[in-house]
Amino acid sequence: ETGVTQTPRHLVMGMTNKKSLKCEQHLGHNAMYWYKQSAKKPLELMFVYSLEERVENNSVPSRFSPECPNSSHLFLHLHTLQPEDSALYLCASSLEQGFNSPLHFGNGTRLTVT
Amino acid sequence: DQQVKQNSPSLSVQEGRISILNCDYTNSMFDYFLWYKKYPAEGPTFLISISSIKDKNEDGRFTVFLNKSAKHLSLHIVPSQPGDSAVYFCAASLTNSNYQLIWGAGTKLIIKP
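First to last, the sequence lines map onto chains Z and E. Heads up: the first sequence is residues 1 to 114, going by the working numbering. Heads up: the second sequence is residues 115 to 227, going by the working numbering.
Structure (structure tokens):
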């Protein structure tokens, strides 16, 4: 049990579909993150929320839309994706911003765009 | 251009021996460095960190060494155990902030029995 739960584990969607990824943390953390991991590439930070406010948005295309309704839940809404968006999407949380509070990751959603 | 590089995609080590994972970085302003470990079908988990004011940090079988002049970081695992087989990610940051981590692409460590 990682404390960070992501659903679904796998998702296949067409380029015209709309879907959402869900992340839930039961650790009482204040910050939540979305990361993208493409094959053999570094993790790319997409979005960071601290106390439900977005604090980082690393030039992510608008076809990815995050939502953080409360400090325990984070969503990533997807629409009109491209095949190159196929990747592992990881959610993480941390108690605070600093490194005395390391990231806790979920197991990821493997997304395939056809 | 990648600021944090892990040039070995994979490494195979005999059980009981030392595993040395390497990481190079280009930005001399990086102040904090971390290692995370990832098993298949799981998310990464934090392993060990070091700030630029130190050149070594040890936690049990894991030791991280920082050579600022060479812009080089290494993780030593002694002795290596089968459960250490995983992908290891190096990450760096300009500030003490999880919000600004720059990650390497990972090195897959295989411990042979």
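Backbone N, C-alpha and C fix where the C-beta goes; we use that ideal spot for every residue, glycine too. Small disclaimer: the values here were computed from a predicted structure and weren't measured.
Which residues DSSP lists as bridging residue i, in chain order
i                     : result
residue 13 (chain Z)  : Z:113
residue 29 (chain Z)  : Paired residue(s): none; residue 29 (chain Z) is not in a bridge.
residue 90 (chain Z)  : Z:35
residue 203 (chain E) : E:150
residue 189 (chain E) : E:135 and E:178
Neighbour list for residue i in chain Z, Cβ cutoff strictly below 7 Å
i                     : result
residue 121 (chain E) : Chain Z residues near residue 121 (chain E): none, gap ~13 Å exceeds 7 Å.
Residue-chain proximity (residue i, chain E), Cβ-Cβ < 8 Å
i                    : result
residue 75 (chain Z) : no
residue 97 (chain Z) : yes
Test: residue i CB closer than 8 Å to a CB of chain Z
i                     : result
residue 184 (chain E) : no
residue 215 (chain E) : yes
residue 118 (chain E) : yes
residue 144 (chain E) : no
residue 163 (chain E) : yes
Closer than 8 Å at the beta carbon, the chain Z residues around residue i
i                     : result
residue 218 (chain E) : 42
residue 136 (chain E) : The contacting residues do not exist; residue 136 (chain E) stays about 15 Å from chain Z at best.
residue 148 (chain E) : 99 and 102
Proximal residues of chain E, C-beta to C-beta of residue i below 8 Å
i                     : result
residue 20 (chain Z)  : By Cβ distance, chain E contributes nothing, its closest Cβ being about 19 Å from residue 20 (chain Z), past 8 Å.
residue 87 (chain Z)  : The premise fails here: residue 87 (chain Z) is roughly 13 Å from chain E at the closest Cβ pair, so nothing lies under 8 Å.
residue 107 (chain Z) : 155, 156 and 157
Contacts of residue i in chain E (Cβ-Cβ under 9 Å)
i                    : result
residue 90 (chain Z) : 157 and 158
Under the three-state DSSP convention, the category residue i falls into
i                     : result
residue 70 (chain Z)  : strand
residue 100 (chain Z) : coil
residue 53 (chain Z)  : strand
residue 198 (chain E) : helix
### Task
Using a Cβ-Cβ cut-off of less than 7 Å, list which residues of the stretch 49-68 of chain Z approach chain E; keep chain order.
55 and 56
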